[in-house]
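J.:
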Amino acid sequence: MLSCVGYAATAANAPLAPLAFERRDVGPDDVRIDITYCGVCHSDLHQARNEWKNTIYPCVPGHEIVGHVAEVGSSVTRFKKGDFVGVGCMVDSCRECTSCKEGLEQYCEVGFVGTYNGEDRQGRGITFGGYSSAVVVDQAFVLRAPTSLDPAAVAPLLCAGITTWSPLRKWKVGPGQRVGIVGLGGLGHMGVKFARALGAEVVLFTTSASKVEDGLRLGAHEVVLSKDPDAMAKESGRFDFILDAVSAKHDINEYLGLLKRDGVLVQVGAPEEPLPVSVFSLIMKRRTFAGSLIGGIAETQEMLDFCGEHGITSDIEIIRMDEIEAAYERMLKSDVKYRFVIDMTSMPASA
Ligand code: NAP
Ligand code: ZN
Ligand code: ZN
333 MLSCVGYAAT AANAPLAPLA FERRDVGPDD VRIDITYCGV CHSDLHQARN
383 EWKNTIYPCV PGHEIVGHVA EVGSSVTRFK KGDFVGVGCM VDSCRECTSC
433 KEGLEQYCEV GFVGTYNGED RQGRGITFGG YSSAVVVDQA FVLRAPTSLD
483 PAAVAPLLCA GITTWSPLRK WKVGPGQRVG IVGLGGLGHM GVKFARALGA
533 EVVLFTTSAS KVEDGLRLGA HEVVLSKDPD AMAKESGRFD FILDAVSAKH
583 DINEYLGLLK RDGVLVQVGA PEEPLPVSVF SLIMKRRTFA GSLIGGIAET
633 QEMLDFCGEH GITSDIEIIR MDEIEAAYER MLKSDVKYRF VIDMTSMPAS
683 A
């Protein structure tokens, strides 16, 4: 077994603290990765604090992992020692169901294995995530990361990047479309960058007046303060597509009303409470309210390659591992510019 040190939540109300644990030995198809950076997703906070009511403790969060290959199993062909690689939200799936065969492992019909809080398919218990020194992952779930970019700023692409890329591609967002992005956090700022890079006319909706200039700098053509009823009223019925990346309870009907006939609102933000939907808003204009979960492995590679070619990364603030609780508190205040990334050299050598 591989001895690791991580940062773990041991209860919903316990601050994250160092934890010593073991990972499986490197099997024939496995890659061992020494983690250099791990992004901090709002899902880590939801999970650590059991907001989705399914957390298994101790829980080591982290699913925006980059690092270098330290060891490969005997059957590994795709990677060699030293490669710069990434791991996102999944580390395995059944690989046989219709979704897996279509490259949509995130919708695996028997359930994908989460990078943390998932159940290892090789019977080795609950998975532990990237707030740790190293990880062992089947090569099929390891991504090739672009080496031309700042490695720390690549990490958030593994979740925030793919989660916004996938719906933008699925609904074929591009030139001639007016596209709204709701919430300028980790996901939202990637949504703005991608929608702009794909050629759409991009409008950011934010509750934070302090983010207007950043929204424009990140690629939005316009920024609307969603707390201003007059500004919202002016946008009524003008959008082909809206991506909602808000982490907390909010009024979804305000955004449904901004869609044109046949417009689509895709929800990626995952608040712990239900979001009531006004059905007449859907019925009267044949609007669609949809959801989307991260993205498949092939699609994640496509997104990473696109970022490499177009020089796209996340805007980040690097933190030490022991600053994680302060980062969570700032996240809850919408004070993230625009993704915290943990420098893994700050991980203690022992727990
Ligand atoms: P984040 O960095 O904390 O950003 C969330 C943003 O939502 C905030 O910056 C803020 O933007 C806005 N917001 C927060 N509270 C709000 C409120 N009460 N009303 C309106 N707006 C509010 O979070 P994230 O990491 O981007 O994650 C966003 C959500 O997506 C989380 O729920 C996360 O679990 C979920 N997620 C889903 C998937 C998926 O596969 N579907 C994948 C990853 C994450 P402004 O300041 O601009 O208003
Ligand atoms: Zn995430
Ligand atoms: Zn499957």
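Numbered per my numbering, the sequence shown spans residues 333 to 683. Where a beta carbon is used, it is the ideal one built from N, C-alpha and C, also for glycine. In this text the structure is predicted, and so the values were computed from the model without any measurement.
1. Thinking just about the alpha-carbon of each residue, which of ALA349, GLU403, GLU655 is nearest to the one in ASP357?
2. In chain order, what residues of the same chain lie with their CB nearer than 7 Å to the CB of MET663, ignoring the 5 residues before and after it?
3. Could you give the C-beta distance for VAL417 and ALA477, rounded to a whole number, given that I count them as a contact under 8 Å?
4. In or out: SER612 buried (at least 16 other Cβ within 10 Å) or exposed?
5. Ignoring anything shorter than 3 residues or poking outside the stretch 546-618, list the beta strand (DSSP E) runs there in chain order.
6. Report yes if the CB atom of CYS440 is closer than 8 Å to the CB atom of CYS421, and no otherwise.
7. For PHE672, I'd like the list of residues in its chain whose CB is within less than 6 Å of its CB, leaving aside the five on either flank, ordered along the chain.
8. Determine contact between the stretch 509-527 and the stretch 565-577, defined as no fewer than three beta-carbon pairs at a distance below 8 Å.
9. Which of helix, strand or coil does DSSP assign to TYR369?
10. Under the DSSP definition of a beta bridge, which residues are partnered with GLU533?
11. Sorry if obvious, but does the Cβ on CYS391 come closer than 7 Å to a heavy atom of ligand 2?
12. Suppose the cutoff is 7 Å on Cβ atoms and the five residues either side in sequence are ignored; what does the same chain contact list for VAL555 look like?
13. Is HIS374 close to ligand 1? I mean its beta-carbon at under 7 Å from any heavy atom of the ligand.
14. Return helix, strand or coil for GLY493, following the three-state DSSP convention.
15. So LEU557 and ASP576 are in contact, right, with Cβ under 8 Å, and what is the actual spacing, rounded?
16. Report the CB separation of ASP361 from GLY405 in whole angstroms; it is logged as a contact under 8 Å.
17. Compute the distance between the beta-carbons of LEU636 and LEU489, then report whether it is under 8 Å.
18. Let me check one thing: in DSSP terms, what residues is GLU451 bridge-paired to?
19. Kindly examine ligand 3 and report whether one of its heavy atoms sits closer than 7 Å to the Cβ of VAL442.
20. Grab the span of the beta strand (DSSP E) containing SER335 for me, first residue to last.
21. Identify the continuous alpha helix (DSSP H) that holds ALA380 and give its terminal residues.
22. Taking all protein chains shown into account, decide if LYS412 is buried (16 or more other Cβ within 10 angstroms of its Cβ) or exposed.
23. When every heavy atom of ligand 3 is checked, does at least one fall within less than 7 Å of the C-beta of GLU428?
24. Are there any heavy atoms of ligand 3 lying less than 7 Å away from the beta-carbon of CYS421, as far as the coordinates show?
25. So the beta strand (DSSP E) VAL398 belongs to, where does it begin and stop?
26. Can you check whether the CB of VAL337 is closer than 8 Å to the CB of PRO680?
27. Quick one: Cα of GLN599 to Cα of MET676, how far?
28. Does any heavy atom of ligand 2 sit closer than 7 Å to the C-beta of CYS491?
29. Given this structure, state the Cα-to-Cα distance separating SER542 from TYR670, to the nearest angstrom.
30. Quick one: is the Cβ of VAL556 within less than 7 Å of any heavy atom of ligand 1?
31. May I ask whether a heavy atom of ligand 3 can be found less than 7 Å away from the beta carbon of CYS432?
32. Are the beta-carbon atoms belonging to ILE458 and ILE626 less than 8 Å from one another?
33. Between TYR369, THR496, MET653, ASP482, which lies nearest to TYR339 when the distance is taken from Cα to Cα?
34. Return the first residue and the last residue of the beta strand (DSSP E) that ALA622 is part of.
T.: So, to answer that:
1. Taking the sequence shown and counting its residues from 1, one reaches residue 357 at position 25. Comparing Cα-Cα distances from ASP357 to each of ALA349, GLU403, GLU655, the minimum goes to GLU403.
2. By 1-based counting over the sequence shown, the position of residue 663 is 331. Cβ within range, chain order: HIS374, LEU377.
3. As a first step, residue 417 must be located in the sequence shown, where it is residue number 85. As a first step, residue 477 must be located in the sequence shown, where it is residue number 145. Confirmed, Cβ separation roughly 6 Å.
4. In the sequence shown, residue 612 corresponds to position 280, counting from 1. Sequence check: residue 612 is Phe here, not Ser. Label assigned to PHE612: exposed.
5. 554-557, 571-576, 591-599
6. Reading the sequence shown from its first residue, position 108 is the one you call residue 440. Reading the sequence shown from its first residue, position 89 is the one you call residue 421. No.
7. Numbered from 1 along the sequence shown, position 340 holds the residue referred to as residue 672. So the list reads VAL372, GLU649, ILE651, ALA659, once near-sequence residues are dropped.
8. yes
9. Locating residue 369 in the sequence shown gives position 37, counting from the first residue. Three-state DSSP puts TYR369 in a strand.
10. Stepping through the sequence shown from its first residue, residue 533 is reached at position 201. Per DSSP, ARG510.
11. In the sequence shown, residue 391 corresponds to position 59, counting from 1. The answer is no for CYS391.
12. For this step, residue 555 is matched to residue 223 along the sequence shown. The residues are LEU536, THR538, VAL544, GLY547, LEU548.
13. Here residue 374 corresponds to residue number 42 of the sequence shown, with the count starting at 1. Yes - ligand 1 has a heavy atom lying nearer than 7 Å to the Cβ of HIS374.
14. Within the sequence shown, residue 493 is the residue found at index 161, counting from 1. Of the three classes helix, strand and coil, the one that applies to GLY493 here is helix, per DSSP.
15. Numbered from its first residue, the sequence shown carries residue 557 at position 225. Numbered from its first residue, the sequence shown carries residue 576 at position 244. Not confirmed; about 16 Å, so no contact.
16. Here the question's residue 361 lines up with position 29 in the sequence shown. Here the question's residue 405 lines up with position 73 in the sequence shown. Their Cβ separation, rounded to whole angstroms, is 6 Å, which keeps ASP361 and GLY405 in contact under 8 Å.
17. If you number the sequence shown from 1, residue 636 lands on position 304. If you number the sequence shown from 1, residue 489 lands on position 157. In contact: LEU636 and LEU489 (Cβ atoms closer than 8 Å).
18. Start at 1 with the first residue of the sequence shown, and residue 451 comes out as number 119. In DSSP, GLU451 forms a bridge with ILE458.
19. Sequence index remark: in the sequence shown, residue 442 carries index 110 (1-based). Yes.
20. Along the sequence shown, read from residue 1 onward, the residue named residue 335 stands at position 3. That run of the beta strand (DSSP E) goes 334-340.
21. In the sequence shown, residue 380 corresponds to position 48, counting from 1. It spans 374-380 - the alpha helix (DSSP H) in which ALA380 sits, taken as one unbroken run.
22. Residue mapping note: residue 412 aligns to position 80 of the sequence shown, counting from 1. So LYS412 ends up on the exposed side.
23. Taking the first residue of the sequence shown as 1, we reach residue 428 at position 96. Flag set: Cβ of GLU428 near ligand 3.
24. Counting from 1 along the sequence shown, the entry for residue 421 is found at position 89. No, ligand 3 has no heavy atom inside 7 Å of this Cβ.
25. Reading the sequence shown from its first residue, position 66 is the one you call residue 398. Per DSSP, VAL398 belongs to the beta strand (DSSP E) from 397-404.
26. Reading the sequence shown from its first residue, position 348 is the one you call residue 680. Reading the sequence shown from its first residue, position 5 is the one you call residue 337. Yes, the pair counts as a contact, with Cβ atoms nearer than the cut-off.
27. What you label residue 599 is simply residue 267 of the sequence shown in a count that begins at 1. What you label residue 676 is simply residue 344 of the sequence shown in a count that begins at 1. Computed Cα separation, rounded: 32 Å.
28. The residue you call residue 491 lines up with position 159 of the sequence shown. Answer for CYS491: yes, Cβ within range of ligand 2.
29. Taking the sequence shown and counting its residues from 1, the one referred to as residue 542 is at position 210. Taking the sequence shown and counting its residues from 1, the one referred to as residue 670 is at position 338. Cα to Cα, the separation comes out at about 13 Å.
30. Residue numbering aside, residue 556 sits at position 224 when the sequence shown is read from its first letter. Every heavy atom of ligand 1 is 7 Å or more from the Cβ of VAL556, so no.
31. By one-based count along the sequence shown, residue 432 stands at place 100. Flag set: Cβ of CYS432 near ligand 3.
32. The sequence position of residue 458 within the sequence shown is 126, counting from 1. The sequence position of residue 626 within the sequence shown is 294, counting from 1. Not a contact, by the Cβ cut-off of 8 Å.
33. Translated into the one-based positions of the sequence shown, residue 339 becomes position 7. That would be MET653, whose Cα lies nearest to the Cα of TYR339.
34. By 1-based counting over the sequence shown, the position of residue 622 is 290. Here the beta strand (DSSP E) through ALA622 covers 620-623.
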